[in-house]
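Chains A and B, in that order, are what the protein sequence lines are.
Count along the first sequence from 1, then add 393; that gives the number in my numbering.
Count along the second sequence from 1, then add 17; that gives the number in my numbering.
The beta-carbon is built from N, C-alpha and C at its ideal position, and this holds for glycine as well.
Report on the following structure.
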Amino acid sequence: MHQFTIAELVKGLRNKDFSSTEVTQHYLDRIARLDKTYNSYITVTSDIALQQAAAADQRLAAGNAPALCGVPIAHKDIFCTTGVRTSCASKMLDKFIAPYNATIVENYLNSGVVMLGKTNMDEFAMGSSNETSWYGPVKNPWAIDCVPGGSSGGSAAAVAAHLAPAATASDTGGSIRQPAALCGLTGIKPTYGRVSRWGMIAFASSLDQAGILSRTAEDAAILLNDMASYDAKDSTSVERDVPDYTADLNKPLTGLRIGVPKEYFGEGLNPQTAAHVESAIKVYESLGASIHSVSLPHTHLAVPAYYVIAPAECSANLSRFDGVRYGHRCENPTDLNDLYMRSRSEGFGAEVKRRILVGAYALSAGYYDAYYSKAQKIRRLIKQDFVDAFQTVDVILGPTSPSPAFQFGSKTKDPVAMYLEDIYTIATNLAGLPGLSIPCGLVDNKPVGLQLIGNFFAESQLLNAAHMFQQATHFHQQTAPGIE
Amino acid sequence: MAVDRSDITKLSKLARIQISDEAADEAAKSISDVLALVDQLQAVNTDGVLPMAHPLDAVQRLRADVVTEPNQREAFQAIAPATQDGLYLVPQVIE
């Protein structure tokens, strides 16, 4: 049953081939039996899942259930879930029981989607390897000594190990696409403002965007249909109708103009990864797409600009964790400053502290113009590169990350080396564009991701391009060795 | 730009994050490494470029000045470390 895609589950539930309770129980059993190895869940919500499954079965029996009714998924532990611990993988929020649901959680509740649990992640979504979680690292199902990527590493490992058919995730600088690449999955980060950020614990508000990790592009399209919405509660939500993302999945790619940026194939790219991306380009040519060389000349500035903007916004967002209203509070504070200082120092891990300090530096008196304002100007130049490229092409194609999954501990001592893991994904967040990653081959038995970047609100086109690739290839059907 | 121990002390106060004496040198080094990375930005001419705050250059939406949210003080204070009479408790601030 855990081999089924979301599309197959939707069909099977509707045809009464199995009940939501059966599917849900099957996944809960697998999680109980296998997740000790992967550590992909922080909290498994068995009781809630079975209650929701029973309710879904009633709706299905009544015959007027929404499409996704009864389908179980996992939520990244960055999304608030009423009455359930929402930790963001931080000691700071280890005992935090969210008093409300994130809008995307509420959207899925309305659709009858079942929540299996909350997945592990890098602390406050800050990391590219899932090694900064307070609940311990997540193991990559493809290679147990390697990282699953981050920050949505728990969501990715859970889907890759078939401990959930799909999972929600979030992407601030590559946190959906890079784990998708490293775990052999499909991952989509929609246009900034397409999916509500309300109830998603904020890291860098101008970059954060929720999305999906799934096994196929078709599944991502089905799930995005219910995740995306205009939300008056999120001031950056975009007031625009949500199309049916499945409508164009099978559209022929004849005439699709694909741009390949030369800056994404330079120094630092694993040659075998590059070879798989080149092969994928040939697949697209055979599907009728035309390939064009494009230039994104400010690419090399994306990581530096990001590591000003993201820490600056993080230092502001994480100032709310002060030990007063919720979250960790130190024992016996002597005065208010001691309360703030010790609660924050005990509650945050090393990478979160480093980014808060960098952000505080970039925003401090005398440095604001040199760092934050400068980075915001560079951000416009980076966006303009894409705007110029999309004058002549429809989709931009390249690698998702420079190399396949790396071993635990190999980059933890050098934050800058870790930051460069997101060298191809970060510019998309800075520009606010949608991007996705799909599997396109294996290197040393570890998956390689192909990245597609679209114009603003071109999610349907991206999913169409990804789906047609998956109709012509088998990479998305490969499962990590040893997964039962 | 490199930061030293005195910068770390200042940042630690600004951010309300303690850095022990033993950790200060390492923090100074790793933050200096990050700043060396971001200093590449300084070489770029950005004269006449407007800072970009929102990818779609959207502006803050305005809404009608009416109450839409009910008071949920009890639900929110149920997860607070210390409260009394509907107020959040902190160590004494005023003598």
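### Message
Measuring alpha carbon to alpha carbon, tell me which residue in A/Ala560, A/Gly520, A/Arg713 and A/Ala553 is nearest A/Val506.
### Response
Comparing alpha-carbon positions, the option among A/Ala560, A/Gly520, A/Arg713 and A/Ala553 lying closest to A/Val506 turns out to be A/Ala560.
### Query
How would you list, in chain order, the residues of chain A whose beta-carbon sits under 8 Å from the beta-carbon of B/Leu54?
Within 8 Å Cβ-Cβ: Val696, Pro697, Tyr700, Val809 and Tyr812.
### Query
Are any of the Cβ atoms in chain B nearer than 9 Å to that of A/Val498?
no
### Task
Using 8 Å as the cut-off, classify the Cβ of A/Ala550 as near or not near the heavy atoms of the ligand FAD, replying yes or no.
This structure lacks the ligand FAD; in fact it carries no ligand of any kind.
### Query
Are the C-beta of B/Gln35 and some C-beta of chain A separated by less than 9 Å?
yes
### Query
Apart from the five residues on each side of it in sequence, which residues of its chain come closer than 7 Å, Cβ to Cβ, to A/Leu616?
Ile399, Ala559, Ile605 and Ser607
### Task
Write down the C-beta distance between A/Met394 and A/Gly720 rounded to the nearest angstrom, noting that I regard them as a contact closer than 8 Å.
Wrong, their Cβ atoms sit about 39 Å apart, outside the cutoff.
#### Entry: Uninterrupted alpha helix (DSSP H) stretches inside the segment 481-522 of chain A (no shorter than 4 residues)
496-503
### Query
Can you find at least 3 beta carbon pairs, one from the segment 668-683 of chain A and one from the segment 801-820 of chain A, that sit closer than 8 Å?
no
### Message
Here's the rule: buried if 16 or more other CB atoms are within 10 angstroms of the residue's CB, otherwise exposed. What is A/Leu856?
### Response
buried
### Query
Leaving out five residues before and five after A/Gln854 in sequence, what residues of the same chain have Cβ atoms less than 6 Å from its Cβ?
Gly847
### Query
Touch check for the segment 400-411 of chain A and the segment 457-476 of chain A: three-plus C-beta pairs under 8 Å?
yes
### Task
Answer yes or no: do B/Val66 and A/Arg478 have a C-beta to C-beta separation smaller than 9 Å?
Contact flag unset, no.
### Task
Name the two residues that bound the continuous alpha helix (DSSP H) containing A/Tyr677.
Pro664 to Ser679
### Message
So with CB distances below 7 Å, who are the chain B contacts of A/Asp728?
### Response
For A/Asp728, the chain B residues whose Cβ falls inside 7 Å of its Cβ are Pro108, in order along the chain.
### Query
Tell me which same chain residues have a C-beta within less than 6 Å of the C-beta of A/Tyr420, skipping the five on either side of it?
Contacts found: Pro465 and Leu509.
### Query
If the cut is a Cβ gap below 8 Å, which residues of chain B does A/Arg722 touch?
Pro98 and Ala99
### Query
So which residues on chain A does B/Arg78 lean against when the C-beta distance must stay under 7 Å?
Ser628
### Query
Would A/Lys919 count as contacting chain B if we go by Cβ distances under 9 Å?
Absent from the structure is residue 919 of chain A, since the part of chain A shown begins at 394 and ends at 877.
### Task
Using a Cβ-Cβ cut-off of 9 Å, state whether B/Ser23 counts as contacting chain A.
no
### Query
How big is the Cα-Cα spacing for A/Gly802 and A/Gly742?
Near 16 Å, if we compare the C-alpha coordinates of A/Gly742 and A/Gly802.
### Query
From the beta carbon of A/Tyr434, is the nearest beta carbon of chain B less than 9 Å away?
no
### Task
Give the DSSP-derived three-state secondary structure of A/Asn533 in the structure shown.
strand
### Query
Does the distance from the C-beta atom of A/Gly586 to that of B/Ala19 stay below 9 Å?
Not in contact: A/Gly586 and B/Ala19 (Cβ atoms no closer than 9 Å).
### Nearest-angstrom Cα separation, counted from A/Pro795 out to A/Thr647
29 Å
#### Entry: Three-state secondary structure assigned by DSSP to A/Arg426
helix
### Task
May I have the straight-line CA-CA distance separating A/Gly740 from A/Ala668, to the nearest angstrom?
44 Å
### Query
What in chain A is Cβ-close to B/Pro68, meaning under 9 Å?
Ordered by position in chain A, the residues that pass the 9 Å Cβ test against B/Pro68 are Tyr765, Ser766, Lys767, Ala768, Gln769, Lys770, Arg772 and Arg773.
#### Entry: Status (buried if at least 16 other CB within 10 Å, exposed otherwise) for A/Asn838
Taking every protein chain shown into account, the CB of A/Asn838 has fewer than 16 other CB atoms within 10 angstroms, so this residue is exposed.
### Query
Do you know how far the Cα of A/Gly875 is from the Cα of A/Leu427?
Taking the straight line joining both Cα atoms gives about 11 Å.
### Query
Counting contacts by CB-CB distance shorter than 9 Å, is A/Ala755 in contact with chain B?
It does; some Cβ of chain B falls within 9 Å.
### Query
Span of the beta strand (DSSP E) holding A/Arg407?
Segment Ile399 to Arg407 is the alpha helix (DSSP H) holding A/Arg407; no beta strand (DSSP E) there.
### Query
Around the Cβ of A/Ile537, are there at least 16 other Cβ atoms within 10 angstroms (buried) or fewer (exposed)?
exposed
### Query
How would you label A/Arg423, buried or exposed, when you count the other beta carbons within 10 angstroms and need 16 or more for buried?
buried
### Query
How big is the Cα-Cα spacing for A/Ser672 and A/Phe868?
12 Å
### Query
DSSP puts A/Ala613 in a beta bridge; with which residues?
According to DSSP, which records beta bridges pairwise, A/Ala613 is partnered with nothing at all.
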